[in-house]
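See structure below.
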Amino acid sequence: MGKPAMSVNLRTPLSALLLLLSATVLASPRSAIVVDIGSRGPAQADEIRRIVVAEVRAETQAADRLAAGYVDSLREAGVAPYGVPFSAPRVVLLRRNGRLLTGSSGMALSRGGGGDLVLQFRPDGHQNAFPTSYRQLLQSVFDTARPHMNGLFRMPFTGGPVRVDNMDASIGDRDAVAGGIFLPDDGTGMPAIWFPVYTAPETTAVNFIHTLYLAYMGGALFQYDAWSEGFARAATMTTVRNPNALPAGMDMEFIGQVVEATYDTSAHYDWYNQPPLANDRFIAPNLKNLPLPPGGSLGGIYLMRYMMAGTAWAKVTTEWPGFLSTFLQQYYADPSIGGNVPALVALAQSTIDTLNGGPGATVEGLPFAEWYRRQYVLNTTVSRGKKVFVQAIPITFGLGGNDFGVFAIWVTYFETAAGGNEVLLSGTCFPIYWDSTFARLFTTGQDDRMDIAAAFGSVTPNLPDVFNVGSGPTQWYRATIDLPVLDQIARAILPAGAIATAQSPAPKNFYGSVIGFDGAKVGGDPNVTGKVRLTVLPGGNSVDAPLRNGAFGVQTNLLGSAPVRVRVDVIPVFNNVEQAPVHTEFMSVWGDRLGLVLHIGEFATYSPPSGLVAGIQAVGFPVRPFEMSTAALLGLPSNQTLVARWKQERFDYERWPSLEPFDVGEGFYVRMPTPAPGFQVSGRLLGKEGFLPVTVALQPGWNQVVNPFPNDVSFSDLTVQRGADFPTTWSAAISSGWLGTDVFQFTPGSPDPHSGVPEGGTLSPASVFPAGRAVFVRVLVSEGLSITFRPGVLGPAQDRGRQWRPPPTWTGSLTIDDYR
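Taking the numbering used here as reference, the numbering of the sequence shown is continuous, increasing by one, and the terminal residue is 1155.
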């Protein structure tokens, strides 16, 4: 047991099915509910309806219940007001005799934008008729919104009648996800909208307009949620925030609450833009077969995907108001590209160039393709493996006592399986809290452990006021929360004390963290300060937020209910003299808050010193690749992509394509058929030497990991964390029996006489954590460990004794179900 298992067969053949699943162009929208109706025709409309209702109920029941739990959690965190449901209208496609009914032919009066939709309601007395007042409301919503919808989305792909049926009895949990259903063909050759009855007219308006936008695209719906749902949600956000686009008497404040709670994540988009969002559909196809999880689980990540996608496209429309209409006009001429992402991305660049009046147009300061690949929710790659997503929510109400940096931290832990299915996992996480010097913080005992059940876990730590110097300004700071679960990890970087505290309860609305320049630091050079400047474009009005200990915050009226484009600059100040900005970003924001993580030098391209050699090798990269397809990242066809990683829980190697994509800290065996001396990886740096260490999660047994920095890291520049214990040195962890004595690195052997390239090699002890080379580390404790690579950052023996632990206290929540 002194060395890890060495044998790994990378020559596993790939089936034709897997090759088919990796194809770019698909046949139908991935998230649509597809219902087989056999050979039933228009004369059997009632029977078709019964079949569809039964299928939709089965499909949406679990999702709807989980959504209700999610919204309840948002309400408890003060994010969503009571009375605001989360709804995501669905698309249903019927399949007759093996052929999808896409609505591309039939009762069309016009095609490609030549005519309006005409709503047709059932007469009074019909089982699917709406109450008269509700029918009038729906018609009024469409009549008022239609001019704005036609301008924003252009004319519908297929004009003509659309039947609108009352299906409240069938899809009617009013806190449900299924806020409306669009059928391009309801089996009679006619498109249809099935819609529930909501109590609030504002909720009715938002969800009906959303469903209408799906009807506008009709038979030209994109084949990915990231595009169809993203477009529809961005357009809905734009429409319903315009009081002239809604019937008179609507409560615009309530409309704003609906949008902020269930559509718009621009306030914290930067925090939530994480790889687990990527998939070819938002709701995993196996969700309907899952038993309802107990304990208020959020049931996966799909609700965040809906909100992030709409917000992503709203960023584009903020900068280019004519984007959707101009794009769709060109797309409708050839909707066959609806599943071809490279073609869609090229069309998007062409669209903004047209609106710009010439080439070189950008989105948030980037060419469209570059901007697009940085938005994980728009990535349609199905990447397998376990994943951890973290959602941090600032708590700004009910603060008291020593409350300084209170955040709700929600974790979603799941595994993506074949076909985009998602398994809701359970486990235990020991959150690790760090201050801006990367000294470990200990909050109340209940926040040192997070139990995850049915994919969901949460803690609500109060990040303490560790830099309190008595008088002077509040010493807020950049706090880092690492959330390891076995060998997976997520991270939140938050501005502790810079939003709202018990002593300063009025919430700031422009806040965040900076990595690479801390500004004014406690114990630092008093002549060095800094600021983060928010400038509204194109007007130029600006506000400065003081930068202290890597965090900033300020209250400003420059952020309001209207979408704005802004420039954000990180500005050093030396001896009271402003210097040139060391970092600049452009972004679009919709609401009255903006939380950021500004990472100086975040995006980089890594080139291994010798590239990738032919044959087998053990590698890893210090950047999180933009490209989530392993085959595309390595530049190989699928049938030549041979990659594996040791999985202790299987006591075997997991092989691609059943393997997670490359990520920082994770090592892999790779076999290249030929050398790739110029190999490069473009992506995000997760750490920054001297400012931000990187933590790697280890499960019990052998772990195949890689140094997360581009240079060798000494064992003396690491700390080891076990549960809620204080960090310790690498050598002390070995002495305590936490870690095996040696770290093993792989050296390829001689070329195989048949293939001409190395097909094996040897494992030998390493004297450092080498850059770019995967190594094996053995964990000897049952709960696992985490190791933190901290080159240039003070270690536990040098941190001025500031590992901070609060006095023993206990806090909790109590829910009273009945009081008499």
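Glycine residues also receive a C-beta, built at the ideal position from the N, C-alpha and C atoms.
Computed from a predicted model, the values in this text were never measured in an experiment.
Looking at the unbroken beta strand (DSSP E) that takes in residue i, where does it start and where does it end?
{"i": "Trp606", "result": "Careful: Trp606 lies outside any beta strand (DSSP E), inside the alpha helix (DSSP H) at 604 to 607."}
{"i": "Asn1038", "result": "1036 to 1040"}
{"i": "Asp451", "result": "Counting along the chain, Asp451 falls outside any beta strand (DSSP E), and DSSP gives it neither H nor E."}
{"i": "Ser1121", "result": "1120 to 1124"}
With distances taken from CA atoms, which of the options is nearest residue i?
{"i": "Arg775", "options": "Thr809, Pro898, Pro1028", "result": "Pro1028"}
{"i": "Pro1012", "options": "Glu962, Met922, Arg959, Leu947", "result": "Leu947"}
{"i": "Ser1049", "options": "Thr1030, Pro1126, Gly1107, Gly1022", "result": "Pro1126"}
{"i": "Phe777", "options": "Val1114, Leu929, Pro1062", "result": "Pro1062"}
{"i": "Asp800", "options": "Thr716, Pro992, Met785, Trp769", "result": "Trp769"}
{"i": "Ser1071", "options": "Val1114, Ala1106, Pro1045", "result": "Val1114"}
{"i": "Arg980", "options": "Pro972, Pro957, Gln952", "result": "Gln952"}
{"i": "Ser1051", "options": "Val1128, Thr538, Gly740", "result": "Val1128"}
{"i": "Lys843", "options": "Gly895, Pro519, Phe852", "result": "Gly895"}
{"i": "Asp451", "options": "Met552, Asp459, Val387", "result": "Met552"}
{"i": "Pro960", "options": "Arg616, Ser945, Thr940, Ser973", "result": "Thr940"}
{"i": "Lys721", "options": "Phe997, Asp688, Phe852, Ile590", "result": "Phe997"}
{"i": "Thr538", "options": "Asp520, Gly495, Glu588", "result": "Glu588"}
{"i": "Thr571", "options": "Thr546, Gly888, Val1055", "result": "Thr546"}
Have a look at residue i and residue j and give me their C-alpha separation to the nearest angstrom.
{"i": "Tyr796", "j": "Tyr641", "result": "Checking the sequence, you will find Pro at residue 796 rather than Tyr. Computed Cα separation, rounded: 27 Å."}
{"i": "Glu595", "j": "Ser601", "result": "9 Å"}
{"i": "Ala325", "j": "Asn714", "result": "Residue 325 cannot be examined here, being either before or after the span of the chain that is shown, 336 to 1155."}
{"i": "Leu700", "j": "Arg1019", "result": "Correcting the residue identity first, residue 700 is Gly in this sequence and not Leu. If I take the Cα positions, the gap works out to 17 Å."}
{"i": "Ile1069", "j": "Val899", "result": "54 Å"}
{"i": "Pro1100", "j": "Pro1083", "result": "14 Å"}
{"i": "Tyr707", "j": "Gly486", "result": "25 Å"}
{"i": "Ala480", "j": "Leu968", "result": "45 Å"}
{"i": "Ala580", "j": "Gln781", "result": "48 Å"}
{"i": "Val746", "j": "Leu1098", "result": "36 Å"}
{"i": "Asp605", "j": "Gly554", "result": "34 Å"}
{"i": "Ala668", "j": "Ala827", "result": "44 Å"}
{"i": "Phe1003", "j": "Val978", "result": "7 Å"}
{"i": "Val1041", "j": "Trp811", "result": "33 Å"}
{"i": "Thr686", "j": "Ser761", "result": "45 Å"}
{"i": "Ala966", "j": "Asn691", "result": "35 Å"}
{"i": "Ala753", "j": "Gly733", "result": "45 Å"}
{"i": "Ile767", "j": "Phe749", "result": "20 Å"}
{"i": "Ser1121", "j": "Phe739", "result": "27 Å"}
{"i": "Pro466", "j": "Ser671", "result": "40 Å"}
{"i": "Arg985", "j": "Phe1081", "result": "21 Å"}
{"i": "Ser1085", "j": "Asp987", "result": "24 Å"}
{"i": "Ser718", "j": "Gly950", "result": "24 Å"}
{"i": "Asn884", "j": "Asn1038", "result": "34 Å"}
{"i": "Pro840", "j": "Ile787", "result": "31 Å"}
{"i": "His1160", "j": "His918", "result": "In this structure the chain extends from 336 to 1155, so residue 1160 is not present and cannot be described."}
{"i": "Gly494", "j": "Ala696", "result": "32 Å"}
{"i": "Leu472", "j": "Pro582", "result": "8 Å"}
Determine whether the beta carbon atoms of residue i and residue j lie at a separation below 8 Å.
{"i": "Ala886", "j": "Arg813", "result": "yes"}
{"i": "Asp927", "j": "Arg868", "result": "no"}
{"i": "Ile850", "j": "Val932", "result": "yes"}
{"i": "Gly522", "j": "Ile730", "result": "no"}
{"i": "Phe724", "j": "Pro819", "result": "no"}
{"i": "Gly584", "j": "Phe543", "result": "no"}
{"i": "Leu682", "j": "Phe662", "result": "yes"}
{"i": "Leu882", "j": "Ala915", "result": "no"}
{"i": "Val863", "j": "Phe802", "result": "no"}
{"i": "Trp925", "j": "Asp599", "result": "yes"}
{"i": "Gly673", "j": "Phe557", "result": "yes"}
{"i": "Leu454", "j": "Asp520", "result": "no"}
{"i": "Pro1043", "j": "Val1055", "result": "no"}
{"i": "Gln710", "j": "Asn608", "result": "yes"}
Using a threshold of 7 Å, is the CB atom of residue i nearer than that to any non-hydrogen atom of the ligand ATP?
{"i": "Arg928", "result": "Ligands in the displayed structure: none, and consequently the ligand ATP is not present."}
Starting from residue i, trace the alpha helix (DSSP H) both ways and give me its first and last residue.
{"i": "Met299", "result": "No answer is possible for residue 299: it lies beyond the span of the chain, which begins at 336 and ends at 1155."}
{"i": "Val541", "result": "536 to 552"}
{"i": "Pro482", "result": "467 to 488"}
{"i": "Pro677", "result": "676 to 691"}
Shorter than 8 Å from the beta carbon of residue i to some beta carbon of chain B?
{"i": "Val593", "result": "Included in the structure is just one protein chain, with no chain B present."}
Quiz item: Residue ranges of each beta strand (DSSP E) run of no fewer than 3 residues wholly in the region 980 to 1026, ordered along the chain?
Solution: 987 to 990, 1003 to 1007, 1016 to 1019
Self-check item: Continuous beta strand (DSSP E) assignments of at least 3 residues falling wholly in the region 883 to 934
Solution: 886 to 889, 899 to 909, 918 to 924, 929 to 934
Quiz item: Which full runs of the beta strand (DSSP E) of 3+ residues lie inside the region 1031 to 1075, going along the chain?
Solution: Counting only runs that start and end inside the region 1031 to 1075, the beta strand (DSSP E) elements of at least 3 residues fall at 1036 to 1040, 1053 to 1056.
Quiz item: Which runs of the alpha helix (DSSP H) spanning at least 4 residues fall entirely within the region 695 to 767, listed in chain order?
Solution: 703 to 708
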